[in-house]
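Trainee: With my numbering applied, the sequence shown has no gaps in its numbers, which climb one by one up to 1502 at the end. Every residue gets a Cβ at the ideal spot worked out from N, C-alpha and C, and that includes glycine. A quick note: this is a predicted structure, and the numbers were derived from the prediction, not measured. The structure's right below; bear with me while I get my questions together.
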Amino acid sequence: MKSFSGSLSAAGLAVALALIGAPAMAQQKNGPAATVTVPGKPVSPAAIAAAKEILTMKNAVAMYANAIPSLVEKTKNVLLGANLNYQKDLNEVAVIVAKNLTGREKEIGDGMAQIYANEFTEQELKDLVTFYKSPLGQKLILNEPRAISGSMAYMNDWAQSFAEVINGQFRTEMRKRGKEI
1322 MKSFSGSLSA AGLAVALALI GAPAMAQQKN GPAATVTVPG KPVSPAAIAA AKEILTMKNA
1382 VAMYANAIPS LVEKTKNVLL GANLNYQKDL NEVAVIVAKN LTGREKEIGD GMAQIYANEF
1442 TEQELKDLVT FYKSPLGQKL ILNEPRAISG SMAYMNDWAQ SFAEVINGQF RTEMRKRGKE
1502 I
């Protein structure tokens, strides 16, 4: 990933502050900000908006919609493992913590938009928005999850089958050395 330049221009700094200003206010309400930052070049608000539009069209929020409840549950389970006597309290506190942090998953979407804006120019992002709104773009959005799932299944099947080929060659080569495995 590209590293964040230590020497941001005044304009770049202004853009960065504008981009993080709104989330920072929301974070004050819901607790301290996550310490994860997205390194990269300063980007325009229009690039961020186009990136967010792309992510919305691709329903990216589905990837992280349950991030808060999942992380709260994982943390609770870790704490429970070391504090079995506090099960009732930890279960009750988990509900409170999840409620207090509701909405923070938006930070993931903001970070993803920043990453897209770092990887593509503003014009490229606008062109992608146009593409995803086209009939072919809509078809891609609709069918891509199935295509990716099918591709992953094929790769897994291929790897399993190919592992047998590799295993057979190991056995053949070891037999040549007089060793049965």
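Give me the Cα-Cα distance between residue 1465 and residue 1421, rounded to the nearest whole angstrom.
Mentor: 35 Å
Trainee: Is the beta carbon of residue 1368 less than 7 Å from the beta carbon of residue 1443?
Mentor: yes
Trainee: Does the beta-carbon of residue 1364 have 16 or more other beta-carbons within 10 angstroms, so that it is buried, or is it exposed?
Mentor: buried
Trainee: Assuming residue 1438 and residue 1372 make a contact with CB atoms under 8 Å, what is their CB distance in whole Å?
Mentor: 5 Å
Trainee: Between residue 1396 and residue 1402, what straight-line distance do the alpha-carbon atoms span, to the nearest angstrom?
Mentor: 10 Å
Trainee: Is it buried or exposed, residue 1449, if we count other Cβ atoms within 10 angstroms and call 16 or more buried?
Mentor: Here residue 1449 is buried. Its C-beta has 16 or more other C-beta atoms within 10 Å.
Trainee: Give, in chain order, every unbroken run of the alpha helix (DSSP H) that is at least 4 residues long and sits entirely within the segment 1366 to 1450.
Mentor: 1366 to 1378, 1382 to 1385, 1388 to 1403, 1408 to 1421, 1427 to 1440
Trainee: Looking only at its own chain, which residues have a Cβ that is under 8 Å from the Cβ of residue 1459, when we skip the five neighbours before and after it?
Mentor: Taken in chain order, the residues that qualify are 1453.
Trainee: If contacts are defined as beta-carbon pairs under 8 Å, then residue 1426 and residue 1475 qualify, I think. What distance do you get, rounded to the angstrom?
Mentor: Taking C-beta atoms under 8 Å as the contact rule, residue 1426 and residue 1475 fail to qualify, at a distance of about 32 Å.
Trainee: Count the other CB atoms, across all protein chains shown, that sit within 10 Å of the CB of residue 1433; report buried if there are 16 or more and exposed otherwise.
Mentor: buried
Trainee: Where do the N-terminal and C-terminal ends of the alpha helix (DSSP H) with residue 1472 fall, by residue?
Mentor: 1456 to 1497
Trainee: By alpha-carbon positions, which one of 1489, 1477, 1446, 1480 ends up nearest to residue 1370?
Mentor: Closest option to residue 1370, Cα to Cα, is 1446.
Trainee: Compare the C-alpha of residue 1392 against each of 1487, 1359, 1419 and name the closest.
Mentor: Residue 1419 holds the alpha-carbon nearest to the alpha-carbon of residue 1392 among 1487, 1359, 1419.
Trainee: Going by the CB atoms, is the gap between residue 1462 and residue 1409 shorter than 7 Å?
Mentor: no
Trainee: State the Cα-Cα distance for the pair residue 1456 and residue 1375, rounded to the nearest angstrom.
Mentor: Rounded to the nearest angstrom, the gap between the Cα atoms of residue 1456 and residue 1375 is 15 Å.
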